[in-house]
């Protein structure tokens with residue numbers, strides 16, 4: 265459990281280790297907050313009719329950490345009652361059903377923590393340089409771009425010109 269002595273925590277971790285829901289949840293839990301909202305992103309076994317065997321993630325870690333800190337600052341500016349934020353993202357191989365990303369936000373009441381978690385995952389997918397490769401059962405692997413990804417959108421527009 266996080267200390268409740270008036271400090272605010274922004275906990276960011278990019279790791280090849282298996283992610284722990286309990287660790288993330290415990291890191292944002294504190295006595296002044298009645299809400300801890302969590303988002304878990306897990307590897308599913310299919311995409312567009314193809315059987316997915318596993319995912320692989322790569323990141324430019326210094327830039328990814330910087331972008332994640334910006335997201336935390338945006339959350340704090342938009343939802344000032346948010347107490348603690350924890351974002352853990354796995355890199356490397358992530359097998360089917362295992363967790364790729366965990367986001368947890370604590371606040372005194374549920375509205376702010378729920379809204380902040382939604383903003384966090386949507387913005388992470390749009391701005392953080394983390395790349396995903398889907399490994400299929402019977403086809404060539406494929407690097408995937410998130411539909412929210414801002415740099416992919418600008419690249420598509422420049423190709424259309």
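Numbering (the working numbering), first residue to last: 265 to 425.
Glycine is no exception: its CB is placed at the ideal position from the N, C-alpha and C atoms.
Fair warning: this is a prediction, and the values are worked out from it, not measured in the lab.
I think residue 381 touches residue 321, with their Cβ atoms under 8 Å apart; what is that distance to the nearest whole Å?
Not quite, the Cβ-Cβ distance comes to about 20 Å (not below 8 Å), so this is no contact.
Consult DSSP for residue 409 and reduce its assignment to one of helix, strand or coil.
coil
Can you find the residues in the same chain that come closer than 6 Å, C-beta to C-beta, to residue 405, ignoring five residues on each side of it along the sequence?
397 and 399
State the Cα-Cα distance for the pair residue 340 and residue 401, rounded to the nearest angstrom.
When rounded, the separation of the alpha-carbon atoms in residue 340 and residue 401 is 42 Å.
Look up residue 367 in the DSSP assignment and give the residues it is bridged to.
303 and 351
Is the stretch 293-300 touching the stretch 369-379 in the sense that three or more CB pairs, one from each, lie closer than 8 Å?
yes
Let me know the secondary structure DSSP gives residue 375 once reduced to three states.
In the structure shown, residue 375 sits in a helix (DSSP, three-state: H, G or I).
Tell whether a beta-carbon distance below 8 Å holds between residue 355 and residue 390.
The Cβ atoms of residue 355 and residue 390 lie no closer than 8 Å to each other.
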